[in-house]
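All remarks here apply to the structure that follows.
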Amino acid sequence: MTSSPHLKTATTTPLLMGEVLLALLPVGLVSVVLFGPRALAIMGLTTAAAVAAEALYQKAAGKALTVTDGSAAVTGLLLALGMPPLVPLWVPVIGAGFAIIVVKQLYGGLGHNFMNPALTARAFLVAAWPMAMTTGWMAPFDGVTTATPLQVMKGLAQAPMAQPWELFLGLRAGSLGEVSVLALALGGGYLLWRRVIDWQIPAGFIGTVALVTWVFGGTRGLFTGDVVLHLLTGGLWLGALFMATDYVTSPVTRRGRLIMGVGGGLITALIRLWGGMPEGVTFGILLMNVATPLIDRFTVPRVFGQPKRAGKGGQGR
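Counting in our numbering, the sequence shown runs from 215 upward without gaps.
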């Protein structure tokens, strides 16, 4: 797999990461409005921990410092946006160190990691501290602990289900960055407008979740699933717009990116409908990250006319 970014323009990594941080600004602001100063503390500490982890590792390893390219800050902020509002502050800080050192730097740094660092760290935190990562939910504004809509929908908890307009605006329990579809759509729309991301992964991801949950997600037979509920809950939009579109861990061709989006959406829908966990976005994206080299192998056009390697006798075969 070739290194990131797969762009043939004058765009630099710092400019690219700056665009992503700007696109995440609406999501971050909404999370502070909904969940208060604690949301700001989680985002600030996690982002700072990611930047510090990269600087300390590179200094200890005698490598050139790259913290100014913004990639560590993006990783830290994305990880923070996947945290429950009531998570202990030390949990995402550890996750930030894991994302930067284990997932990113040990594989060679930016452009060499084969899985999304923020999502891999989140999966690690869920496995290491499941209670902290799955019970720290609170209702916006009042600070009262409650269940997420996906937990209610799956029968894992009892709570009133929010109305579609409340889900769209973010007036529900959930991770800091997943609750407001409006804010996520604004940020994702900006990235599409600026051509930082393509439409294939988000459209394939969200469209597949909508189709599969509509066909198989109902209790009254086929084609009776609540598409609106599945589209407006969980980390679908955060994952499809900001996580799955990561240059390093996504296919290089448009057809490959569409395949990744469809595959990630299918895995997400299967876990939501029949899996043991209420949400499947994280694992859907990570599994497609692993499949990316294979997708590239079958979707990148072959280059003809290159010299063949010499055989044992010195002649090309």
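Backbone N, C-alpha and C fix where the C-beta goes; we use that ideal spot for every residue, glycine too.
| Check | Outcome |
| --- | --- |
| Nearest by alpha-carbon distance to Thr348: which of Gly432, Ala266, Arg511, Met297 is it? | Met297 |
| What residue range does the alpha helix (DSSP H) around Ser394 cover? | Per DSSP, Ser394 belongs to no alpha helix (DSSP H) and is neither H nor E. |
| How long is the line joining the alpha carbons of Arg405 and Arg252, rounded to whole angstroms? | The identity of residue 405 in the sequence shown is Leu, whereas the question assumes Arg. Taking the straight line joining both Cα atoms gives about 27 Å. |
| Applying the criterion that 16 or more other CB atoms from any shown protein chain within 10 Å of the CB defines a buried residue, is Gly323 buried or exposed? | buried |
| Let me make sure I understand the geometry here. Which of Ala275, Val301, Lys273, Ala266 has the alpha-carbon closest to that of Gly284? | Ala266 |
| Let me make sure I understand the geometry here. Which of Glu233, Gln272, Gly311 has the alpha-carbon closest to that of Ala264? | Gly311 |
| Quick one: using the 10 Å Cβ neighbour count with 16 as the cut-off for buried, is Trp407 buried or exposed? | exposed |
| So, under 8 Å CB-CB, Gly453 and Val495 are touching, yes? Tell me the CB distance rounded to an integer number of Å. | 4 Å |
| Do you know offhand how far Leu398's Cα is from Val241's? | 6 Å |
| Which whole-angstrom value is the C-beta distance of Leu390 and Phe497, which I expect to be below 8 Å? | In fact, because the Cβ distance is near 20 Å, the residues do not count as touching under 8 Å. |
| Evaluate the contact criterion for the segment 379–390 versus the segment 292–307: three or more CB pairs, one atom per stretch, below 8 Å. | yes |
| What would DSSP say about Met352, mapped onto helix, strand or coil? | strand |
| Where Arg471 and Ala287 are concerned, what is the direct C-alpha to C-alpha distance, given to the nearest angstrom? | 25 Å |
| For Arg418, does the count of other Cβ atoms within 10 angstroms reach 16, so buried, or fall short, so exposed? | What sits at residue 418 in the sequence shown is Gly, not Arg. So Gly418 counts as buried. |
| Between Ala353 and Glu380, what straight-line distance do the alpha-carbon atoms span, to the nearest angstrom? | 12 Å |
| What ranges does the alpha helix (DSSP H) occupy inside the segment 304–354, keeping only unbroken runs of at least 4 residues that lie completely in it? | 304–311, 331–342, 344–348 |
| Under a Cβ-count criterion, where at least 16 other Cβ atoms within 10 Å of its own Cβ denotes burial, should Thr334 be classed as buried or exposed? | buried |
| Assign Ala342 to buried or exposed, taking buried as 16 or more other Cβ atoms, counted over all protein chains shown, within 10 Å of its Cβ. | exposed |
| Mapping DSSP to helix, strand and coil, what is Arg486? | helix |
| Closest to Leu243 by C-alpha separation, out of Val429, Thr225, Gly384, Arg511, would be which residue? | Gly384 |
| When DSSP labels each residue in this structure, what does Val517 get in the three-state scheme? | coil |
| Quick check on DSSP: helix, strand or coil for Pro302? | coil |
| Would Ala255 pass as a contact of Thr289 if the rule is Cβ separation under 9 Å? | no |
| Using only CA atoms, which one of Leu443, Pro331, Ala505, Tyr461 lies nearest to Ile473? | Ala505 |
| What's the call for Ala275, buried or exposed, on a 16-neighbour Cβ count within 10 Å? | exposed |
| Let me make sure I understand the geometry here. Which of Ala458, Val429, Arg434 has the alpha-carbon closest to that of Pro416? | Ala458 |
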